[in-house]
Amino acid sequence: MSAPNRSLYCLPLLALALVACQRDVPPAPTQSAEGAPAPVEHVQPIDQAPAELKDVVEMDPKFIVGISYPPEANKYPGLAAELHRYAQAARDELMEAVRGAELQPGTMYDLSLNFSTLVDTPDMLAIAADGSSYTGGAHDSPLIERFVWLVREQKLLTAEELVGNAGDWKAISGYVREQLHAALSQRIDADELEPDERSRLMRSAGKMIDEGSSPDVANYQQFEPILGAGGKLSGLRFVFPPYQVGPYSDGVQTVDVPAQVLLPHIAPAYRALFVAG
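Numbered per mature numbering (1 follows the signal peptide of the UniProt record, and there is no 0), the sequence shown spans residues -22 to -1, 1 to 255.
What follows is the structure, encoded as structure tokens:
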């Protein structure tokens, strides 16, 4: 991903933005009034699950961490624990890189992770996790995760539970693949390429689409509820991270699948969540 596109994954935190723009310039330690280095700032370290999720900022000469949570997540301790677990895993991976940072002197590692509320109804709370982690290499690694919490059941709704039959995934996959190919064609047409180059890109990118949207439940783990009338769902938005259905430069891609396409394939226990007809 090019440097300008990295902003898609950054939190709107000034400190993180400065680090992103000055990746290879290690910050000088700040000085206290006595001239000694000021202590590293740690706001709510996340080594242990907190009683309440709060935003996290950790700053060090080798790394910076910024994590933000929506207040709604604290309504359900089970969901809060899932969000914390995901954030902690991302932080653990960053710290592994930091421990080997002497191998790449002058590199600043960073983790930027934003949890935001997508849907908040009496039936469900859907949270999106978007961000990036730099642990070395040419560019950041995107962090993309979706959490759909069922309030009455007090559990996460998973793709495996939502659509349990392989044949049903085949039908959904066919719809998703058609939408992705159509979007690819529009992007390539907009570039006004020569016929040979257009054909080459259609083949290479089309192959990524076919592989990344195949009827395997593993390809559909990340989805967002689309809220319709009366608090019911009018469809689902499937989210595909970079590399899954296109090159890194294409970023995150999504496909909206309407309820009328989904309903014949949704497990009976969850059909009442959707708008019928």
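Note that the Cβ used here is the ideal one computed from N, Cα and C, for glycine as well.
Can you tell me the Cβ-Cβ gap for Val223 and Phe201, rounded? I've got them flagged as a contact below 8 Å. With a Cβ gap of about 14 Å, Val223 and Phe201 do not count as contacting.
Since Pro220 and Asp228 should fall inside the 8 Å C-beta cutoff, what is the C-beta to C-beta distance between them, to a whole number of angstroms? 7 Å
Which same chain residues, not among the five before or five after Lys40, have their C-beta less than 6 Å away from its C-beta? Result list for Lys40: Val76, Ala79, in chain order.
DSSP-derived helix/strand/coil call for Ile166: Assigned with DSSP and collapsed to three states, Ile166 falls in helix.
Taking a contact to mean a Cβ-Cβ separation below 8 Å, would you say Leu241 touches Ala254 in this structure? yes
Give a yes or no on contact between the stretch 162 to 179 and the stretch 94 to 105, applying the rule of three or more CB pairs nearer than 8 Å. no
Could you give the distance in angstroms between the alpha-carbon of Asn92 and the alpha-carbon of Ala116? 22 Å
Have a look at Val239, Val126, Met37, Ile244 and flag the residue whose alpha-carbon is nearest the alpha-carbon of Tyr54. Val126
I'd like the span of the beta strand (DSSP E) that includes Ala237, first residue to last. For Ala237, there is no enclosing beta strand (DSSP E); the residue is part of the alpha helix (DSSP H) that begins and ends at 237 to 240.
Distance between beta carbons of Leu121 and Gly109, contact taken as under 8 Å: 4 Å
Considering only residues of the same chain and omitting the five flanking positions on each side of Glu172, which have a CB-CB separation below 7 Å? none
Pop quiz: Thr71 and Ser46 are said to be a contact at Cβ under 8 Å. What is the actual Cβ separation, rounded to whole angstroms? Looking at the sequence itself, residue 71 is Glu, so the reference to Thr does not match. Contact doesn't hold; Cβ gap of about 19 Å is too wide.
Does the Cβ of Pro203 have 16 or more other Cβ atoms within 10 Å, making it buried, or fewer, making it exposed? buried
Pick from Leu57, Met37, Ala237, Val230: whose alpha carbon is nearest that of Arg130? Leu57
Going by beta carbon distance, what residues of the same chain come within less than 6 Å of Ile166, once the five residues before and after it are set aside? Within the same chain, Ile166 has close Cβ partners Arg176, Leu179.
Tell me where the alpha helix (DSSP H) around Met86 begins and ends. It is not in any alpha helix (DSSP H) - Met86 carries neither H nor E in the DSSP assignment.
How is Ala161 classed by DSSP in three states: helix, strand or coil? helix
Report buried or exposed for residue 259, applying the criterion of at least 16 other Cβ atoms within 10 angstroms of its Cβ. For residue 259 there is no data in the structure shown, the boundaries of the chain being -22 and 255.
My guess is that Leu162 and Glu60 are in contact by the Cβ rule of under 8 Å, so how many angstroms apart are they, rounded? Glu60 and Leu162 do not touch by the CB rule: their CB atoms are close to 33 Å apart, not below 8 Å.
Taking the alpha-carbon positions, what's the Val195 to Asp146 distance? 10 Å
For Ala137, the nearest candidate out of Gly114, Met37, His243 (CA to CA): His243
Host alpha helix (DSSP H) of Leu57 (start-end): 55 to 77
Three-way DSSP call (helix, strand, coil) for Ser94 in this model: strand
Can Leu205 and Phe252 be called in contact, C-beta distance under 8 Å? no
Please report how far the alpha carbon of Ala65 lies from the alpha carbon of Met37, in whole angstroms. 16 Å
C-alpha distance - Leu158 paired with Gly208, whole-angstrom precision: 30 Å
Pick helix, strand or coil for Lys133, following the three-state DSSP scheme. strand
Whole-angstrom Cβ separation of His62 and Pro28, contact assumed at under 8 Å? 7 Å between Cβ atoms; contact.
Exposed or buried, residue 256, counting other C-beta atoms within 10 Å across all chains shown (16 or more means buried)? Any question about residue 256 goes unanswered here, given that the chain covers just -22 to 255.
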